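Going left to right, the sequence shown walks through residues 367 to 789 as the working numbering numbers them.
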Amino acid sequence: GINAEYGGMTSQLTRPLNSLITICLTRLSRHNETLAPAPSHISHHDFKVPVRHGQTSAGDHIKTLFDCDLPSDKENETFVKCLEKAQLQGPGIRFVVIGSENYVGKWLNGGRRGHGLNYQCFAQQFVSSPVGPGQRNFFEQTLLLGEVQYDDITKQLNDMAQAEGIEQTNIKYGENKVYDRMVEEASIRCQRRLANIVRCIARCSLRPICISGGNEDILGLGYGVHLGRTIARGTPSNVTLGNFDCHGDYKNLEERGAHSGNGFSFLNTIGILKKYAVLGLTPYENREAMMEQLISTNCWYRYLDDISLIGAPNRPSLHDSLLDMIKALESENDEVPGLCVDLDVTEDLSTVSCPATLGFTRAQVHELVQEFTRYNKPFFLLLAEGMPDPMIPLTEGINRTLGKYQAGLVSCFLRNCISVPHI
367 GINAEYGGMT SQLTRPLNSL ITICLTRLSR HNETLAPAPS HISHHDFKVP
417 VRHGQTSAGD HIKTLFDCDL PSDKENETFV KCLEKAQLQG PGIRFVVIGS
467 ENYVGKWLNG GRRGHGLNYQ CFAQQFVSSP VGPGQRNFFE QTLLLGEVQY
517 DDITKQLNDM AQAEGIEQTN IKYGENKVYD RMVEEASIRC QRRLANIVRC
567 IARCSLRPIC ISGGNEDILG LGYGVHLGRT IARGTPSNVT LGNFDCHGDY
617 KNLEERGAHS GNGFSFLNTI GILKKYAVLG LTPYENREAM MEQLISTNCW
667 YRYLDDISLI GAPNRPSLHD SLLDMIKALE SENDEVPGLC VDLDVTEDLS
717 TVSCPATLGF TRAQVHELVQ EFTRYNKPFF LLLAEGMPDP MIPLTEGINR
767 TLGKYQAGLV SCFLRNCISV PHI
């Protein structure tokens, strides 16, 4: 059952969801084709698939709803029927990629707001990826859906702040209690919207992959998976989560609503998260109170300092640490496993919302995703905290690196999940 503590926050999250789907759909231009105008009720982003003579790109095989069956309206049931039809076309859809980014959850946790560009940064590199041997199959089973829209929620927040005479530039949590409450409510609304979309995806036994601007989205993603799989299975379906992260993101709920530092503890509070394991914590980035919270709820964790990356005999290797993590997540119950990769666990990556002082290399993160996926067989994936530089074109420099990095991690997840049967 759902725990309704902490004021009205959990009850706000878990009250019946809205029946409307709000997504900016992805549309692909292949072979230099000119795209016709979309229906007036459809919001969309267009991405160009590069033409490569003698080879194909991922975008030549990835599906969008424009390739399948566009929804005639924004109702949940219409959206679900479109997903069900997509499952029946060609080899059938098994994975659905969505983007989600809003600034409110990061602001509540003191992080940088971002600029709403991470999904676009990822998507262009993902559809441009060359297709290697044996890769066509998993790209053909992937639906690049689009990005959850939050503009109406943030606009309403801005309008309310303006009406109250609140100057939002450089304001910090705690400086204006009225504004704090406004943002907390907006954050819960954003997570409910994400959960509504994920619920429809998981209900169809499709595996959601979320490209997120903030780690608070694990709340909407995990809650949506719980709801969708419960409908599909006919029995309550809770989740287990592995997290590669330098931050535990397991803070007390306090009074700040849902934010990027308490998504996992929020899921635990509402009774959905049954097991949680986090690998890669840095002792300089995690406060004692949060670590006590982790320990008190029997979560597994390992500091980066307690892992030998050079073969030191007195500490476990990275591979052994990963196996310990996977073992800690084992369960005799029928929970739905998931994986979160907070990109700030990566060293020398500046295009994240909260860069850390220490971390894994990109190659190590890639291998961690590969091995975790092979062993744990996660149903869903969250890539969090990517934050492109708005002063640089999305396809150039450090933004191109960020996009290719995320595209590579998603491809790794797909390749290692493709042999996992439908559930």
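Backbone N, C-alpha and C define an ideal beta-carbon position, used for all residues, glycine too.
None of the values given here were measured: they were computed from a predicted structure.
When DSSP states are grouped into helix, strand and coil, isoleucine 692 belongs to the helix group. In the DSSP assignment, histidine 411 falls within the beta strand (DSSP E) that extends over 409–414. In its chain, beyond the 5 residues on either side, Thr388 and Cys390 have a beta carbon closer than 6 Å to the beta carbon of glutamine 515. The distance from the Cβ of isoleucine 692 to that of asparagine 628 is about 24 Å, inconsistent with a contact at the 8 Å cut-off. For alanine 552, the three-state secondary structure derived from DSSP is helix. Taking a C-beta distance under 8 Å as the contact criterion, phenylalanine 630 and leucine 607 qualify as a contact pair. Residue environment analysis places histidine 592 among the buried positions, since at least 16 neighbouring C-beta atoms fall within 10 angstroms of its C-beta.
Non-local C-beta neighbours of leucine 585 in its own chain, meaning closer than 7 Å and more than five positions away in sequence, comprise Gln557, Ala624, Gly629, Phe632 and Leu633, ordered along the chain. By the C-beta density criterion, glycine 498 is exposed, having fewer than 16 other C-beta atoms within 10 angstroms. For leucine 454, the uninterrupted alpha helix (DSSP H) segment begins and ends at 442–454.
For asparagine 609, the pairing in a beta bridge is given by DSSP as Val644 and Cys706. By the neighbour-count criterion, in which 16 or more other beta carbons inside 10 Å mark a residue as buried, glycine 614 falls on the buried side. Within the same chain, Cβ atoms closer than 8 Å to the Cβ of cysteine 448 are found at Leu431, Cys434, Asp435, Leu436 and Pro437, the five residues on either side in sequence being excluded.
In this structure, the alpha-carbon of glycine 600 lies about 18 Å from that of threonine 380. A Cβ-Cβ contact shorter than 8 Å links valine 731 with valine 711.
In the same chain as proline 416, and ignoring 5 residues on each side of it, the C-beta atoms closer than 6 Å to its own belong to Ser423 and Ser494, in chain order.
In the structure shown, leucine 379 adopts helical secondary structure according to DSSP, grouped into three states. Three or more pairs of CB atoms, one per stretch, sit closer than 8 Å, so the region 510–527 contacts the region 446–465. Going by DSSP, valine 463 is part of no alpha helix (DSSP H) but of the beta strand (DSSP E) stretching over 461–466. In the DSSP assignment, glycine 752 is bridged to Val718. With contacts defined as CB atoms closer than 8 Å, valine 564 and glycine 590 qualify as a contacting pair. Ranked by Cα distance from alanine 694, the first of Asn581, Asp708 and Trp666 is Trp666.
Distances from the alpha-carbon of aspartate 700 to those of Lys641, Ser553 and Arg502 put Lys641 closest. Using a Cβ distance threshold of 8 Å, glutamine 491 and glycine 752 do not count as a contacting pair. Glycine 725 sits close to glutamate 713, with the two beta carbons spaced by under 8 Å.
Just so you know, the alpha carbons of glutamate 541 and threonine 663 end up roughly 32 Å apart.
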